[in-house]
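Top to bottom, those sequences are chains P and W. Counting in this note's numbering, the first sequence runs from 32 upward without gaps. Counting in this note's numbering, the second sequence runs from 32 upward without gaps. Cβ coordinates follow ideal geometry from the N, Cα and C atoms, glycine included. In this text, all values refer to a predicted model and were calculated from it rather than measured experimentally. Before any comments, here is the structure.
There are 2 protein chains.
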Amino acid sequence: MISSTVENYLKELFLLNPDGETQIATGELAKALSVTPGSATSMIKTLAQAGLVEHRPHYGVKLTNEGRTLAVHVVRRHRIVELFLVNILGMDWSEVHDEAEQLEHVVSDQVISKMDDLLGHPTHDPHGDPIPTPEGTLPVRSLQPLSFCKLGDTVSIARIGNQNTNFLKFAEDNGLLLGATIKVANKNEVADSITIISKGEEVVLGLAAAGRIEVEFA
Amino acid sequence: MISSTVENYLKELFLLNPDGETQIATGELAKALSVTPGSATSMIKTLAQAGLVEHRPHYGVKLTNEGRTLAVHVVRRHRIVELFLVNILGMDWSEVHDEAEQLEHVVSDQVISKMDDLLGHPTHDPHGDPIPTPEGTLPVRSLQPLSFCKLGDTVSIARIGNQNTNFLKFAEDNGLLLGATIKVANKNEVADSITIISKGEEVVLGLAAAGRIEVEFA
DNA sequence: ATTAAACTTTTGATTAATCAAAAGGATTGT
DNA sequence: ACAATCCTTTTGATTAATCAAAAGTTTAAT
């Protein structure tokens, strides 16, 4: 049996590097998982032994095809569960991440498939992240961070790349929801801020925060 | 954090002795959990340390009030999840037990509460087992095993006390569903069998199997 | 080219859960 | 009363995952 811990390492490697091209540093992985670098090293060795990652000591780690397949399935389970919690159980999108974090390791493929049916085979989760198919392929969109937009751009919100509860509450309170159309009213590189019009109201964001909101031209 | 393992020990102690009156033998608990007696002893010591059980060495073990409260909540989660899997996701009652066995340890109270709402605050799960309230009380019914019924008794099925998939499939195939009305057509203590009429058809059961089906007089 | 800084790996310990097998109580029959 | 039997408990080992801190590498700067 594959443990939750192993699933979390694989999933994190995938999220840090969805294209599977670059080597991920041990320290970066350790930080993402909130473990010490030494713990990450020893788990990486275990995963390499099992053929799930390729490890070049002192340089980094990368999923193998087998590891990537497992990781993508964990991500699929996570995102279907999130959407399910929001759309069927009526939970708030700001509170479903941690719940899904637990459930992703125990729900069976059968349950995921039933949830998928009930949800109508969605392609994206409540945060705008793509849901891998059962075969492991991911829909691709070309998005850009809101922070890259120029004054006057009118765009629609396609993804919120920050799972933090408070951030999501803030986004919700200010109408920054998936599909919402917004317009860039001001941008100040020096002050590190961007102002947008959302539902007729002005909202000011730091560029770091705006970088976690991804948009597409409407 | 309370581990799944601890939850399973507590739950099993509750299921073996719902009234909380008798001492459970280490060996009985070990068998129910499929662990060696030595493992059970050492966990029992841990639980006693934590104040969740009372342990009289060489005599047995019993839940404390605190342990019982935790156990009842695990049982509530298990049964709500089972009903949810059957009624909302459309799974077969014969396949939901193992799934619920996993989910009971990770679903939050909030999710359970949402499922409970969606299900309309049910009092019994798909096997006829009572669902504890959030406060930890259990509805009580007075049922008797089908094996105790006499020739000519007409009763309705209220509980199937056997979670085995094949047994449940058999029950389903023969119309032995919750609420079904059946009549005892024959009973033979020597041959250890009982014959009932279900949906006009005769069904023969061994008395051991009939003992796991509980009924109430209609 | 050498050294400092930054990172990674190794080492040694710890915790939870388990097992197999040895040792220790309790029960029952004669 | 005393084995024989049947449990239960103890002991010693193992596995997965982790941490803290020591040791080793790589990189980058002077």
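By the Cβ neighbour-count rule, P:Glu245 is buried, with 16 or more other Cβ atoms within 10 Å of its own. With distances taken between CA atoms, W:Thr164 lies nearest to W:Asp148 out of W:Asn219, W:Ile225 and W:Asp148. Taking the C-beta atoms as reference points, W:Ile188 is found no nearer than 9 angstroms to W:Ile162. For the C-beta of W:Gly121, the chain P residues within less than 8 angstroms are, from N- to C-terminus, Lys145.
In this structure, W:Lys42 places its C-beta atom within 9 angstroms of the C-beta atom of W:Val105. For a Cβ distance threshold of 7 angstroms, residue set Glu130 of chain P lies close to W:Ser139, ordered along the chain. Residues are counted here when their Cβ sits less than 7 angstroms from a Cβ of chain P; for the segment 188 to 204 of chain W the count is zero.
Taking C-beta atoms as the reference points, P:Ile143 and P:Arg107 count as a pair closer than 9 angstroms.
When Cβ pairs closer than 8 angstroms are counted between the two stretches, the segment 109 to 128 of chain P is seen not to touch the segment 55 to 72 of chain P, the count staying below three.
In the structure shown, P:Leu174 falls within a coil segment according to DSSP collapsed to helix, strand and coil.
In this structure, W:Pro157 and W:Val127 form a Cβ contact; the two beta carbons are roughly 7 angstroms apart against a cut-off of 8 angstroms. When 9 angstroms is used as the limit between beta carbons, W:Val112 is near no residue of chain P, the shortest such separation being about 10 angstroms. Per the coordinates, the alpha-carbon of P:Ala240 lies some 58 angstroms from the alpha-carbon of W:Phe201. In the three-state reduction of the DSSP assignment, P:His128 falls in the helix class.
Counting other Cβ atoms within 10 Å of its Cβ, W:Phe45 reaches 16 or more and is therefore classed as buried. In the same chain as P:Asp184, and ignoring 5 residues on each side of it, the C-beta atoms closer than 6 angstroms to its own belong to Val215, in chain order.
Under the DSSP assignment, P:Lys200 falls in the alpha helix (DSSP H) whose first and last residues are Thr196 to Asp204. W:Leu47 and P:Pro170 have their alpha carbons spaced roughly 50 angstroms apart.
Annotation: Cβ neighbours of W:Val142 in chain P (cutoff 8 angstroms, chain order): Leu116, Leu120, Met122 and Glu130.
Excluding the 5 residues flanking it on each side, W:Glu135 has same chain C-beta neighbours closer than 7 angstroms at Val105, Arg108, His109 and Val112, in chain order.
From the beta-carbon of W:Leu134, the residues of chain P found nearer than 8 angstroms are Leu134, Val137 and Val138.
In this structure P:Ser73 is exposed. Its beta-carbon is surrounded by fewer than 16 other beta-carbon atoms within 10 angstroms. Within its own chain, the residues whose Cβ lies closer than 6 angstroms to the Cβ of P:Lys230, once the five positions on either side in sequence are excluded, are Gly206, listed in chain order.
A Cβ-Cβ distance of about 6 angstroms is found for the pair W:Val92 and W:Gln54, placing them in contact under the 8 angstroms criterion.
Rounded to whole angstroms, W:Ser125 and P:Leu64 show a C-alpha spacing of 38 angstroms.
Residue range Thr212 to Asn219 is occupied by the beta strand (DSSP E) that includes W:Asn217, with no alpha helix (DSSP H) assigned at that position. A direct Cα-Cα distance of roughly 12 angstroms separates P:Phe179 from P:Asn219. In the displayed model, W:Ile162 falls within coil according to three-state DSSP, outside both helix and strand. If the five residues before and after W:Asn39 are omitted, its C-beta is found closer than 7 angstroms to the C-beta atoms of Leu64, all from its own chain and listed in chain order.
Annotation for P:Glu232: Asn205 and Gly206 place their beta carbon closer than 8 angstroms to its own, counting only its chain and skipping 5 residues before and after. Listed along the chain, the chain W residues whose CB falls inside 9 angstroms of the CB of P:Leu149 are Ile119, Leu120 and Gly121. Excluding the 5 residues flanking it on each side, W:Val117 has same chain C-beta neighbours closer than 8 angstroms at Asp123, Trp124, Val127 and Pro157, in chain order. Flagged as an interface residue toward chain P: W:Glu126, by a C-beta distance shorter than 9 angstroms. Within the same chain, Cβ atoms closer than 8 angstroms to the Cβ of P:Ile119 are found at Met146, Leu149 and Leu150, the five residues on either side in sequence being excluded. Leaving aside the five residues that flank P:Val103 on each side, the residues in its chain whose CB is nearer than 6 angstroms to its CB run, in chain order, Pro163 and Gly167. Here P:Gly82 is exposed. Its C-beta has fewer than 16 other C-beta atoms within 10 Å.
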